[in-house]
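Structure first, commentary second.
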Amino acid sequence: MNSLNKIYEICMNELTWILLIKGSLMMYESIEIGHVIKSLRKSMDLSQQQLAEGICTQAQISKIENSNEIPSSLILYKLSRKLGVDMNTFFEIAETPRLDYVRDVYKMMRFFIRERDYLSVSQIVMQEKNNPFFQSIEHKQFLVWHEGICDFYLNENIHSSVEKITEALFMTYKNERSLMKEREIEIANSLAILYKEQGKYSQSLELYTKLLRSIKSIDVMKDDSIKLRIYYGIGKAYTDMGEYQKSLHFCQKAIKLAMKLETMYLLGELYFQCGSNYYRMGDEEGGSSYIRKCLTVFKLQGKDEMISFVESLHDKLRRKHIS
1 MNSLNKIYEI
11 CMNELTWILL
21 IKGSLMMYES
31 IEIGHVIKSL
41 RKSMDLSQQQ
51 LAEGICTQAQ
61 ISKIENSNEI
71 PSSLILYKLS
81 RKLGVDMNTF
91 FEIAETPRLD
101 YVRDVYKMMR
111 FFIRERDYLS
121 VSQIVMQEKN
131 NPFFQSIEHK
141 QFLVWHEGIC
151 DFYLNENIHS
161 SVEKITEALF
171 MTYKNERSLM
181 KEREIEIANS
191 LAILYKEQGK
201 YSQSLELYTK
211 LLRSIKSIDV
221 MKDDSIKLRI
231 YYGIGKAYTD
241 MGEYQKSLHF
251 CQKAIKLAMK
261 LETMYLLGEL
271 YFQCGSNYYR
281 MGDEEGGSSY
291 IRKCLTVFKL
301 QGKDEMISFV
311 ESLHDKLRRK
321 HIS
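Oh and the sequence shown: position 165 is 165 in the UniProt record's numbering, straight run, nothing missing.
This is how it looks when you write it as structure tokens:
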């Protein structure tokens, strides 16, 4: 009888430890997830009431953010949809010891992409490839995607670039019939650009159309510039096809969106594309007007290389128009 009591006591002690450990983990995840939800909500400029609408009460959001309540899987799913993130992101963040470092690397790489500094992007990819903090599917996907971009712009290897970017996309995009999440849209946008570069215009435009449909299905986009990139890509594809009016339509839509978002991102490039279209249609006045706007934007941004490039091309377009 004494031996049975001893076994019972040992079992109960082990069970107590298991429950304590599980409870601690749940509290840890609750604290981390609540913090993540609050950070995402604030970054999107949403009030607790706006986030709660159609999901739960404002009071529940407050409790979740303050770690006084663990959200159910259904509420967490709905919150992830509204915040524009995958549900697993909440848990990945809770498990990432140095999230700030990872985010800083992401931001740095996207900054260098915007600056067309592909060498710096390539160096970061090589540096972080074996970093333990970049071994989750999401982080690996980000690195492979940018490695593919660098293959095209640095090595002019379009086949390797398409292969790597496609690989990155299908790390998370498992069903080609379904719509895409925000990160997948960004990656697929790079793929659409490469299709255009290969002269596969129908394939490129078909993919762009799918990306615009996918954007409509997302409640709130974290990065509104994605739509600008897609409109610009469509505009460039139509210019290459000689469909100048269609190109103008999408470039002007993008310009209106940039004005609405109060951003100068791609604005100079969009003005240039419009000017190029007008010149190609024989409208020198319209072309010259847009090129001047383009140069003004690039001067404000201090993009000296782009200014030289545009001035040289503008001169060629004018001479071609006169002749």
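Idealized CB from N, CA, C, for every residue including glycine. A quick note: this is a predicted structure, and the numbers were derived from the prediction, not measured.
Checklist line | Span separating the alpha-carbon of I291 from that of M44 | finding: Looking at the two C-alpha atoms, the distance is approximately 34 Å.
Item checked: Stretch-stretch touch, CB-based, cutoff 8 Å, three pairs: the stretch 159 to 175 with the stretch 202 to 210 -> These segments do not touch.
Notebook entry, point to check: Would the beta-carbon of C150 fall within 8 Å of that of S122?
Noted result: Taking 8 Å as the Cβ cut-off, C150 and S122 qualify as a contacting pair.
Check: Per DSSP, what kind of secondary structure is P132 in: helix, strand or coil?
Finding: P132 falls in the helix class under three-state DSSP.
Checklist line | Cβ pair count under 8 Å reaching 3, the stretch 104 to 121 against the stretch 147 to 161 | finding: A contact exists between the stretch 104 to 121 and the stretch 147 to 161.
Next item on the list: Please list, in chain order, all residues of the same chain as I230 whose beta carbon is under 7 Å from its beta carbon, the five residues on each side excluded.
Entry: Residues N189, Y208, L211, L212 of the same chain have their beta carbon placed closer than 7 Å to that of I230, with the five preceding and five following residues left out of the count.
Notebook entry, point to check: Hey, how far is the Cα of M306 from the Cα of G268?
Noted result: Distance between the alpha carbons of M306 and G268 is about 9 Å.
Next item on the list: Let me know if S312 comes out buried or exposed under the rule of 16 or more other beta-carbons within 10 Å of its beta-carbon.
Entry: Flag for S312 reads exposed.
Check: Between the C-alpha atoms of S225 and T57, what's the straight-line distance to the nearest angstrom?
Finding: Roughly 31 Å separates the two Cα atoms.
Next item on the list: Spatial neighbours of I137 within its chain, please: CB distance less than 6 Å, with the 5 preceding and 5 following residues excluded, ordered by chain position.
Entry: Excluding positions up to five away in sequence, the list reads M171.
Notebook entry, point to check: Where in the stretch 117 to 201 do unbroken runs of the alpha helix (DSSP H), each at least 4 residues long, occur, reported from the N-terminal end onward?
Noted result: Runs found: 118 to 128, 137 to 153, 158 to 169, 182 to 197.
Next item on the list: Could you round the C-beta distance between L270 and Y244 to whole angstroms and report it? I think they count as a contact, below 8 Å.
Entry: Contact check for L270 and Y244: beta-carbon distance about 14 Å, past the 8 Å limit, so the pair fails to qualify.
Checklist line | I21, DSSP secondary structure in three states | finding: Only weak support is given to the placement of I21: the predicted model assigns it a pLDDT of 31, under 50, and the question is left unresolved by the model.
Checklist line | I37 and L74 closer than 8 Å at C-beta | finding: Cβ atoms of I37 and L74: not closer than 8 Å.
Item checked: Nearest-angstrom Cβ-Cβ length linking L205 and A237, presumed shorter than 8 Å -> Indeed they touch by this definition, with Cβ atoms about 6 Å apart.
Check: Got a sec, what are the start and stop residues for the alpha helix (DSSP H) M259 sits in?
Finding: Element bounds for M259: 244 to 261.
Checklist line | Cβ-based burial, R177 [other Cβ within 10 Å; buried from 16] | finding: Residue environment analysis places R177 among the exposed positions, since fewer than 16 neighbouring C-beta atoms fall within 10 angstroms of its C-beta.
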